[in-house]
Amino acid sequence: MTQEDAFANADRIQKTAIGMYDQLQNPEFLGGRALIYSDVRSDDTNPASFFGGIGTFTALANDPTVTAAWTGGYRSLYGANFFLQEMPKNTGKVSAELEAQYTGEAKFIRALLYFHLVNLFAQPYNFTADASHPGVVLQLTAPDASNAFDATQAKPRSTVREVYTQIETDLNDAIASLPETYPTPFEKTARATKDAARTLLSRVYLYEGKYSEAAALAGTVITGGRHSLAATPAVPFTLATFQNPESIFSVANNVSDNPNTNNALGQHYRSRAGSGDISVNPYALIPVAQFPADDRRRLLLLSPTAIPGAANSPLVLTQKYKEASADYAPIARYAETLLNRAEGLAQVATGISSEAVTLLNQVRDRSKPAATASYTVASFATKQALIDAILLERRLELAFEGHRYYDLMRYKRNSSRVTYGADRAILPIPLVDIQQNPNLVQNPGY
Numbered sequence: 001m002t003q004e005d006a007f008a009n010a011d012r013i014q015k016t017a018i019g020m021y022d023q024l025q026n027p028e029f030l031g032g033r034a035l036i037y038s039d040v041r042s043d044d045t046n047p048a049s050f051f052g053g054i055g056t057f058t059a060l061a062n063d064p065t066v067t068a069a070w071t072g073g074y075r076s077l078y079g080a081n082f083f084l085q086e087m088p089k090n091t092g093k094v095s096a097e098l099e100a101q102y103t104g105e106a107k108f109i110r111a112l113l114y115f116h117l118v119n120l121f122a123q124p125y126n127f128t129a130d131a132s133h134p135g136v137v138l139q140l141t142a143p144d145a146s147n148a149f150d151a152t153q154a155k156p157r158s159t160v161r162e163v164y165t166q167i168e169t170d171l172n173d174a175i176a177s178l179p180e181t182y183p184t185p186f187e188k189t190a191r192a193t194k195d196a197a198r199t200l201l202s203r204v205y206l207y208e209g210k211y212s213e214a215a216a217l218a219g220t221v222i223t224g225g226r227h228s229l230a231a232t233p234a235v236p237f238t239l240a241t242f243q244n245p246e247s248i249f250s251v252a253n254n255v256s257d258n259p260n261t262n263n264a265l266g267q268h269y270r271s272r273a274g275s276g277d278i279s280v281n282p283y284a285l286i287p288v289a290q291f292p293a294d295d296r297r298r299l300l301l302l303s304p305t306a307i308p309g310a311a312n313s314p315l316v317l318t319q320k321y322k323e324a325s326a327d328y329a330p331i332a333r334y335a336e337t338l339l340n341r342a343e344g345l346a347q348v349a350t351g352i353s354s355e356a357v358t359l360l361n362q363v364r365d366r367s368k369p370a371a372t373a374s375y376t377v378a379s380f381a382t383k384q385a386l387i388d389a390i391l392l393e394r395r396l397e398l399a400f401e402g403h404r405y406y407d408l409m410r411y412k413r414n415s416s417r418v419t420y421g422a423d424r425a426i427l428p429i430p431l432v433d434i435q436q437n438p439n440l441v442q443n444p445g446y
């Protein structure tokens with residue numbers, strides 16, 4: 001279709017808006033790989049050589065897997081930028097309400113993509129005092145053949161602060177114009193809502209150290225009453241129940257997505273001929289004092305169930321992803337929202353936040369052994385002890401969903417395989433882009 005065809009009438013515009021989600025499924029990025037590239041560098045998986053040098057911290061600037069990730073992220077961005085560029089030229093063809101909704105969806109998608117790009121290819125927000133270190137290229141338009149090779153398109157990297165400011169702007173705009181919910185279970189999970197934008201922005205605020213703002217936004221999701229924890233931690237990862245009140249937003253996939261291309265989450269995490277590309281023995285070996293042997297996340301979401309201290313054989317695999325191509329890529333779950341507010345409250349409190357303890361218990365009590373007592377304020381000698389308990393719960397609850405490595409980095413903590421702040425703690429800007437764009441600066445060490 002031409003640009004004119006794609007925006008010719010209300011039906012075409014609606015289909016073009018849905019097309020942004022199709023591009024969000026890019027197999028090299030948020031079809032699953034972007035989440036993998038966080039987790040295979042964390043302390044919860046064994047090194048995974050399948051992904052070139054990413055999981056082993058040996059990638060070079062010409063690593064094809066790194067290049068595909070960078071390109072995949074920007075290809076997905078093009079879809080959102082194209083819609084945002086063309087919709088104002090076609091105003092009046094849909095209702096003002098739908099135009100605002102579609103625009104909000106595009107801005108949510110763009111913010112989500114930039115969040116992952118800047119965390120993959122740049123040091124954490126607090127790496128410098130004012131986040132003035134190099135981020136990624138802020139491309140907010142959709143060039144075509146007439147101008148894609150103009151000198152003005154050889155853009156430099158924006159600072160991390162500038163990228164985060166754009167993410168904040170897009171998410172605040174999305175919150176203002178997105179619907180609270182949709183009529184079908186599929187849409188409630190697979191299309192952006194206000195709560196999806198609120199949850200992602202609360203995470204962004206945590207990364208920036210804006211703890212009051214993070215707590216407030218997560219609190220709006222909680223008091224809205226549109227989401228709840230599932231009966232067990234396994235429910236959100238059961239194919240038939242991806243569309244459930246705990247799942248706030250996921251990148252939806254089906255059996256036709258990423259077929260036999262080794263890009264989907266399930267194709268790497270599930271058992272394949274007795275083994276998997278990504279084994280999770282380090283996660284399974286978390287001491288029982290922190291991760292009891294009969295915690296439901298261990299019993300229901302690890303296979304085989306591992307006893308801490310056991311050797312790295314047999315390989316332990318997560319059971320969060322079981323289908324080759326049909327598993328959704330989880331982006332925002334209600335469990336994270338509860339922990340986001342708990343962390344924000346714990347950080348700003350002068351002492352031990354009782355509400356933070358309550359929120360922590362909501363997530364922990366679903367999975368902990370019945371004989372294990374819930375936390376009380378008296379369980380924590382210091383404010384930092386509570387924060388550490390929340391971070392542990394994030395590790396246990398959000399494992400293999402793309403959080404762990406970034407949680408370590410934003411708290412300036414080492415992974416088991418790389419030191420915080422090391423040059424290779426982040427990925428290189430692809431060599432081909434450096435060669436084509438004289439204004440791009442490479443990350444140190446590459």
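All residue numbers for the sequence shown refer to UniProt numbering, where the first residue is 1 and numbers rise by one.
For glycine and all other residues, C-beta sits at the position ideal for the given N, C-alpha and C.
Keep in mind it's a predicted model, so treat the numbers as computed, not measured.
Going residue by residue through the segment 11 to 51, where are the continuous alpha helix (DSSP H) segments of at least 4 residues, counting only ones entirely within it?
33 to 39
Below 8 Å on the Cβ atoms is my guess for N253 versus S325; work out the distance and round it to an integer in Å.
6 Å
With distances taken Cα to Cα, identify the nearest neighbour of A17 among A389, N439, R191, F400.
R191
Quick check: is any heavy atom of the ligand ZN less than 7 Å from the C-beta of G344?
Because no ligand of any kind appears in the structure shown, any question about the ligand ZN cannot be addressed here.
Run through DSSP, which three-state label would I222 get?
helix
By how many angstroms is the C-alpha of L300 removed from the C-alpha of A356?
26 Å
Out of L24, G209, Y269, A399, which has the shortest C-alpha to C-alpha gap to A346?
G209
Given K89, which residues of its chain have a CB within under 8 Å of its CB, disregarding the five upstream and five downstream residues?
F7
Can we say the segment 46 to 58 touches the segment 391 to 411, given the rule of at least three CB pairs closer than 8 Å?
no
Taking just the CA atoms, how far does D388 sit from A106?
36 Å
By Cβ distance below 8 Å, which residues in the same chain neighbour V316 in space, the five residues on each side in sequence not counted?
S279, V280, N281, Y283, A284, L302, S303, P304, A306
Any chance you could list the alpha helix (DSSP H) runs of at least 4 consecutive residues sitting entirely within the segment 55 to 134, in chain order?
64 to 86, 96 to 121
Where the alpha helix (DSSP H) containing I175 begins and where it ends:
160 to 177
Note down, in chain order, each residue of its chain lying with its Cβ closer than 6 Å to the Cβ of I331, except the 5 sequence neighbours on either side.
F249, S250
Does the contact criterion of 3 or more C-beta pairs under 8 Å hold for the segment 90 to 105 versus the segment 34 to 44?
no
Residue environment, Y411, which counts as buried when at least 16 other CB atoms sit within 10 Å:
exposed
If we count the other Cβ atoms within 10 Å of its Cβ and call it buried at 16 or more, is S275 buried or exposed?
Confidence at S275 is low in this model, with a pLDDT of 49, below 50, so the placement of that residue is unreliable and no value is reported for it.
Within 10 Å of its beta-carbon, does P156 have 16 or more other beta-carbons around it, so buried, or fewer, so exposed?
exposed
Could you give the first and the last residue of the continuous beta strand (DSSP E) run that contains I331?
329 to 333
Quick check: what's the CA-CA separation for K15 versus F83?
11 Å
Between the C-alpha atoms of L138 and A378, what's the straight-line distance to the nearest angstrom?
47 Å
Checking 8 Å against the spacing of the C-beta atoms, do L427 and A59 come in under that value?
yes
For E246, is the classification buried or exposed, using 16 other Cβ atoms within 10 angstroms of its Cβ as the cut-off for buried?
buried
What residue ranges within the UniProt domain "RagB/SusD" (322 to 414) form continuous alpha helix (DSSP H) runs of no fewer than 4 residues, ordered along the chain?
334 to 348, 354 to 367, 383 to 397, 404 to 410
Any idea what DSSP makes of I248, helix, strand or coil?
strand
Can you give me the C-alpha to C-alpha distance between K194 and E393, rounded to a whole angstrom?
25 Å
Can you grab the Cα-Cα spacing for the pair Y21 / Y114, in whole Å?
15 Å
Neighbourhood of V163 by C-beta distance below 7 Å, restricted to the same chain and skipping five residues each side:
Y114, V118, G135, V136, L138
Let me check understanding here. Comparing Cα to Cα, which of L339, F29, Y211, G421 lies closest to T128?
G421
For T199, the three-state DSSP class (helix, strand or coil):
helix
Can you tell me the Cβ-Cβ gap for G266 and D327, rounded? I've got them flagged as a contact below 8 Å.
4 Å
Relative to the alpha-carbon of F237, which residue among T358, Q3, E323 has its alpha-carbon at the smallest distance?
E323
L206 in three-state terms, based on DSSP:
helix
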